[in-house]
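Remarks on the structure that follows.
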Amino acid sequence: MIWIYIVISIAANICFADDGHEMEEFLKREYSLSKPYQGIGASGSSHWELMGDAMVTTDQVRLTPDMQSKQGAVWSRIPCHLRDWEIQVHFKIHGKGKKNLNGDGMAVWYTKERMQKGPVFGNKDYFTGLGVFVDTYPNEEKHLEAQKKRYTPRTQRIFPYVLAMVGNGTISYDHERDGRPSELGGCNAMVRNLKHDTFIFIRYVRRRLTIMIDVDGQHEWRDCLDIPGVRLPQGYYFGVTAITGDLSDNHDLISLKLYQLTVLRSKQEEEQEEEVTVPSVDNIDLYRPYPDAEGMSSVAIFFTVLFSMLGLFLLIVVGLVVYSHWSESRRKRLY
Ligand SMILES: [Ca+2]
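Mature numbering (1 follows the signal peptide of the UniProt record, and there is no 0) puts the sequence shown at residues -17 to -1, 1 to 318.
See the structure below:
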């Protein structure tokens, strides 16, 4: 289903969730960030705080410049106690690097922790909460290419790739595998060096996590991920971070708009929604290691074929021996 993209120009709107429930949305200015970014970073005078190499200009919050080994972030100072919400993130990723010679990407967060530098797109590893990543560099593919290994179609992706992960404080983001073992889902999103605007939309309603993207310049939301049973505690912080390594890009945040959604719940639904203290997702292990993501190497394929042929040969020999014994004993019985 493609959603018609509507620029929300007034503070309150009526819209419908996927399940047809009517809901209202209100822009929450204290959790939103937009031009002219007044007072961001200055201590105490803004709801948002800058970190690392992030810089505010007239047109954007530049999380990283197009230079190696930078990381930057902007974090909300106030915890969000809304039960149902959606955020629209207007961002821009651009740089001089040619395709797949740029990196590493940016992330939108709703986490217990805030303002901690680290390897996960500029945030700490073993985070607690939700991370939505725009990964612009295919680490696993490049690693396998260098080793002349094939990758299985099951895990093959086209980059840049948008991926969602829920962490409970004990799960590491596997950077070398581009987060595959902890992936909740995701989609391809060609977002680099575009003239038109690019957006990510994250909606969290009745524990259903929906992610859509608008990156094609068509003013349409494209489905990226939709998962029920995502349990996220209240009182976490929103943040946007980015990182560069050997390869780089400008990672710019233009705006972040948070809407409170008011959803009618029946008394029964209210009673069933017990309070969540640790993030989790119903019926999904948050970390699912897989033994052979790298597929078979050419040596492994050679031996598999060799042993298969030997096995077949052995079967034929055994079959012939059994047949000759059988036909001989049959001949004897006939005479
Ligand atoms: Ca990557």
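Positions of the beta carbon are idealized from the N, C-alpha and C atoms, including for glycine.
Please report how far the alpha carbon of residue i lies from the alpha carbon of residue j, in whole angstroms.
| i | j | result |
| --- | --- | --- |
| ASN171 | MET195 | 11 Å |
| LEU269 | ASP49 | 33 Å |
| SER310 | GLN130 | 53 Å |
| SER312 | TYR306 | 10 Å |
| GLU8 | ILE284 | 56 Å |
| GLY218 | GLN139 | 36 Å |
| VAL174 | GLU159 | 21 Å |
| VAL288 | VAL300 | 18 Å |
| ARG316 | MET292 | 36 Å |
| VAL115 | GLU253 | 28 Å |
| ALA276 | ASP161 | Note that ALA276 has pLDDT 47, beneath the 50 cutoff, so the model's placement of it is unreliable and the number below is only indicative. Distance between the alpha carbons of ALA276 and ASP161: 12 Å. |
| LEU33 | ILE61 | 14 Å |
| ILE154 | GLY302 | 53 Å |
| GLY222 | ARG205 | 23 Å |
| ASN151 | ASN122 | 24 Å |
| ILE23 | HIS30 | 7 Å |
| THR260 | VAL57 | 25 Å |
| ARG97 | THR40 | 23 Å |
| residue 404 | TYR220 | Any answer about residue 404 is impossible in this case: the structure gives the chain only from -17 up to 318. |
| MET38 | LYS18 | 13 Å |
| THR227 | GLU124 | 18 Å |
| LEU298 | HIS308 | 15 Å |
| ASN266 | VAL246 | 24 Å |
| GLN201 | LYS81 | 24 Å |
| ASP42 | HIS77 | 14 Å |
| LEU10 | ARG133 | 47 Å |
| PHE296 | PHE286 | 15 Å |
| SER59 | ALA25 | 13 Å |
Just checking residue i against ligand 1 - is the residue's beta carbon closer than 8 Å to any of the ligand's heavy atoms?
| i | result |
| --- | --- |
| TYR242 | no |
Less than 9 Å between the beta carbons of residue i and residue j, yes or no?
| i | j | result |
| --- | --- | --- |
| ARG186 | LEU177 | no |
| LEU65 | LEU239 | no |
| LYS79 | THR181 | no |
| residue 364 | LYS100 | Because the chain spans -17 through 318 in this model, residue 364 falls outside it and cannot be assessed. |
| GLY169 | VAL188 | no |
| PHE184 | GLU69 | yes |
| VAL91 | VAL72 | yes |
| GLU203 | ASP209 | no |
| GLY88 | HIS234 | yes |
| LEU215 | ASN85 | no |
| GLN54 | ALA225 | yes |
| VAL213 | VAL149 | yes |
| LEU241 | ASP67 | no |
| LEU46 | LEU236 | yes |
| LEU127 | VAL264 | no |
| TYR20 | VAL44 | yes |
| ASP108 | TYR156 | yes |
| GLU258 | ARG248 | no |
| ARG271 | PRO164 | yes |
| PRO262 | THR111 | yes |
Are any of the Cβ atoms in chain D nearer than 9 Å to that of residue i?
| i | result |
| --- | --- |
| VAL301 | No chain D appears in the structure shown, which is made up of a single protein chain. |
Considering only heavy atoms of ligand 1, list every residue whose Cβ is less than 5 Å from one of them, following chain order. ASP118, TYR120, ASN122, ASP161
Beta strand (DSSP E) runs contained entirely in the stretch 160 to 206, provided each spans 3 or more residues: Fully enclosed beta strand (DSSP E) runs of 3 or longer: 168 to 171, 181 to 188, 191 to 197.
Which ranges does the alpha helix (DSSP H) cover as unbroken runs of at least 4 residues, wholly within the stretch 237 to 262, from first to last along the chain? Within the stretch 237 to 262, the complete alpha helix (DSSP H) runs of at least 4 residues are 250 to 255.
Length-filtered (3 minimum) beta strand (DSSP E) runs lying within the stretch 53 to 99: Fully enclosed beta strand (DSSP E) runs of 3 or longer: 54 to 59, 68 to 77, 88 to 94.
Segments assigned alpha helix (DSSP H), at least 4 residues, entirely inside the stretch 98 to 141: 122 to 129
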